[in-house]
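Quick note: to get the working numbering, add 38 to the position in the sequence shown (first position is 1).
Structure record follows, encoded as structure tokens.
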Amino acid sequence: MGDGWRWVALVVLGAVSVACGRSDDATSEQPTSPEPTDPLQRGAFEVGVTTWTLSDGSRRDEAGNPRSLKVEIWYPATEAAAALPRDEYDLLEEAPPDIAATLGDVSTTSIAQDAARDADLLDTFAPYPLVVFSHGNGGLRFQNFSICSHLASHGFVVVAPDHTGDTTWEAIDGGLGVAEVLEAFPERAADLPFVAEALVETKGPLEGAAQADNWAMMGHSFGASMSLALTEEHNGIEPDARFRAAVPMTPASSILPLFGYGVEKSRVPTLIFGAQRDGTLDFEAEQVAAYEGIPTDKVFAAVKEAGHFSYTDLCRPELQDLAQALGEDVGNILGDGCGEDFIDPESMLTIQRYLVTHFLEAELRAGAESRAALSPGALPASVATPIDYQTSGFE
């Protein structure tokens with residue numbers, strides 16, 4: 039994060055089975071998908087959230103152990119979830135002990151989300167379309183919990199892994215250099231379909247929650263690059279057809295050719311978010327160029343007063359003291375998207391809620407009304423005013 043990621047970016051850019059669906063025990067009158075609701079508002083469903091730890095036996099760490107991934111999942115929950123306590127993320131509990139020890143004087147180390155921990159799955163409309171989220175370089179799986187929870191309230195399941203070896207804790211502990219980024223790219227590319235498959239194939243409380251072949255890739259920064267990569271042709275091989283849409287937020291697109299990818303090889307509709315005041319990645323070279331190069335249906339929302347980290351929940355006011363306390367590599371995010379000089383977090387969330395929800399409704403549920411809502415003339419002022427907006431195929 040921060041200066042560490044800026045340096046890495048500059049150097050790198052320069053140089054298991056169950057049935058796929060549910061049993062057909064519903065009556066013909068029972069609806070098969072939720073009715074769309076206003077994406078600017080919370081959706082019709084309560085939201086549950088749970089944390090898993092997965093082991094991928096096909097990949098081994100330096101000690102010879104299976105690759106371990108901590109995973110967050112947001113999903114539509116039963117109405118009983120409304121009476122349960124709101125979930126909180128506590129960085130003191132998440133952080134390694136040596137880092138947690140440095141946070142004793144910070145007034146706020148936790149933040150609440152509108153979701154209930156381990157609530158029961160609402161299976162009325164299951165299985166739901168699946169969104170796979172990839173965090174940024176040196177980020178965390180819940181760095182964008184607001185949009186993830188919002189999507190779950192609108193009838194999507196969202197799964198997000200901590201990319202082991204490329205999280206906030208490694209960034210603080212010693213930084214993430216070029217070698218780590220180069221090593222992380224193929225690991226991330228394997229992490230994302232792995233966690234999606236694990237969710238689809240689970241026999242636990244979320245059995246039947248996610249559709250087996252109707253997925254979207256969403257991510258921020260390095261995770262946005264993965265959103266592009268996993269939906270592109272690669273060395274003559276077509277991408278995984280289960281990924282049907284991509285939502286990259288401030289991607290580093292020119293890293294892709296280093297690994298045999300490229301935006302001109304995109305195969306799915308793509309919603310790109312750009313930050314016109316991005317101080318970590320070059321707006322024109324990374325985000326504008328990505329939009330221009332994609333040959334499929336596409337949307338480009340370039341937020342005028344956004345920095346690189348404006349797209350994350352790290353910019354919420356209650357987390358800024360915590361970010362400073364975590365040290366330079368994390369605290370520097372305040373200078374690239376957070377604070378009074380940039381778009382306020384609620385306005386940014388308004389933009390994300392409207393565009394992401396409509397885009398995923400259009401692409402994963404074939405929602406004609408949502409597709410029309412993405413045309414330039416259909417945007418409400420609260421979304422249209424803070425952005426420069428282009429589309430191709432959504433006019």
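Positions of the beta carbon are idealized from the N, C-alpha and C atoms, including for glycine.
Predicted model only: the values in this text are computed from it and were never measured.
CB-CB under 7 Å to Ser420, same chain, minus the five flanking residues each way: which ones, in chain order? Thr388
Near Ala279, which residues of its chain fall below 6 Å by C-beta distance, leaving aside the five closest residues on each side in sequence? So no residue of the chain qualifies.
What residue does the alpha helix (DSSP H) around Asp426 start on, and which one ends it? Segment Ile425 to Ser430 is the beta strand (DSSP E) holding Asp426; no alpha helix (DSSP H) there.
For Ser413, count neighbouring C-beta atoms within 10 Å of its own C-beta (all shown protein chains included) and say buried if the count is 16 or more, exposed if not. exposed
Distance check for Gly95 and Pro418, CA to CA, integer angstroms please. 48 Å
Please confirm if the segment 176-195 is in contact with the segment 221-234, defined as three or more CB-CB distances below 8 Å between the two stretches. Fewer than three pairs of CB atoms, one per stretch, sit closer than 8 Å, so the segment 176-195 makes no contact with the segment 221-234.
Give me, in chain order, the residues of the same chain whose beta-carbon lies closer than 7 Å to that of His396; leave out the 5 immediate sequence neighbours on both sides. Pro77, Ser408, Ala411 and Leu412
Using C-beta distances below 7 Å, list every residue in its chain close to Gly242, excluding the 5 sequence neighbours before and after it, in chain order. For Gly242, where only same-chain residues beyond five positions count, there are no Cβ hits under 7 Å.
What residues in its chain sit with their C-beta under 8 Å from that of Asp128, if we drop five residues either side in the sequence? Exclusion of the five residues before and after Asp128 leaves Thr147 and Ser148 as the residues of its chain whose Cβ lies within less than 8 Å of its Cβ.
If you compare alpha carbons, which of Asp359, Arg391 and Pro123 is closest to Asp152? Pro123
Is it the case that the segment 294-314 contacts the segment 133-141, given that we only count it when at least three CB pairs across the two stretches are under 8 Å? no
For Pro199 and Asp211, the rounded distance between their alpha carbons: 20 Å
Distance, Tyr166 Cα to Phe432 Cα: Rounded to whole angstroms, Phe432 to Tyr166 spans 24 Å at the Cα level.
Which of helix, strand or coil DSSP assigns to Val197: Strand at Val197.
For Cys353, which residues from the same chain have a beta carbon less than 7 Å from its beta carbon, with the 5 sequence-adjacent residues on both sides left out? Phe347, Gly375, Cys376 and Pro383
My output table needs one value for Arg325: the three-state DSSP class, helix, strand or coil. The question names Arg, but residue 325 in the sequence shown is Gln. Three-state result, Gln325: helix.
Tell me the DSSP secondary structure of Arg179 in three-state form. coil
Give a yes or no on whether the C-beta atoms belonging to Gly176 and Thr140 are separated by under 9 Å. no
Answer with buried or exposed for Ile332, where buried requires no fewer than 16 other C-beta atoms within 10 angstroms of its C-beta. buried
Rounded distance between the beta-carbons of Val169 and Leu398, thought under 8 Å: 7 Å
At the level of alpha carbons, what is the spacing between Thr269 and Phe232? 15 Å
Separation of Asp143 from Thr308, as counted between CA atoms: 43 Å
Nearest to Asp379 by CA position, among Gln428, Asp316 and Phe321, is which residue? Asp316
The beta strand (DSSP E) spanning His441 covers which residue range? What the structure shows of the chain is the stretch from 39 to 433, and residue 441 is not part of that stretch, so it cannot be assessed.
Cβ-based neighbour list, His192, same chain, cut-off 6 Å, excluding 5 preceding and 5 following: Within its own chain, the residues whose Cβ lies closer than 6 Å to the Cβ of His192, once the five positions on either side in sequence are excluded, are Gly81 and Thr395, listed in chain order.
For His272, name the three-state secondary structure that DSSP assigns. strand
For Thr205, does the three-state DSSP call read helix, strand or coil? strand
With DSSP as the reference, label Phe288 as helix, strand or coil. Reading the sequence as shown, one finds Thr at residue 288 and not Phe. Thr288: coil per DSSP, three-state reduction.
Nearest to Gln79 by CA position, among Thr350, Gly405 and Leu393, is which residue? Leu393
So, are the CB atoms of Ala157 and Thr91 less than 9 Å apart? no
Cutoff 7 Å; reference Thr75; Cβ partners in own chain excluding five residues on either side: Gly81, Ala82 and His192
Mind reading off the beta-carbon distance from Gly246 to Ala164? Whole number of angstroms is fine, and I expect it under 8 Å. 5 Å
Contact set for Pro424: own chain, Cβ-Cβ below 7 Å, skip 5 residues either direction: The residues are Val341, Lys342, Glu343, Ile381, Ser385 and Ile389.
Which whole-angstrom value describes the C-beta separation of Ile111 and Val196, a residue pair presumed to lie in contact below a C-beta threshold of 8 Å? 7 Å
Would you check if the distance between the CB atom of Leu230 and the CB atom of Leu237 is smaller than 9 Å? no
Quick one: residues in its chain with C-beta nearer than 6 Å to the C-beta of Asp251, no 5 flanking neighbours on either side, listed in chain order? Within the same chain, Arg280 come within 6 Å of Asp251 by CB-CB distance, once the 5 residues on both sides are set aside.
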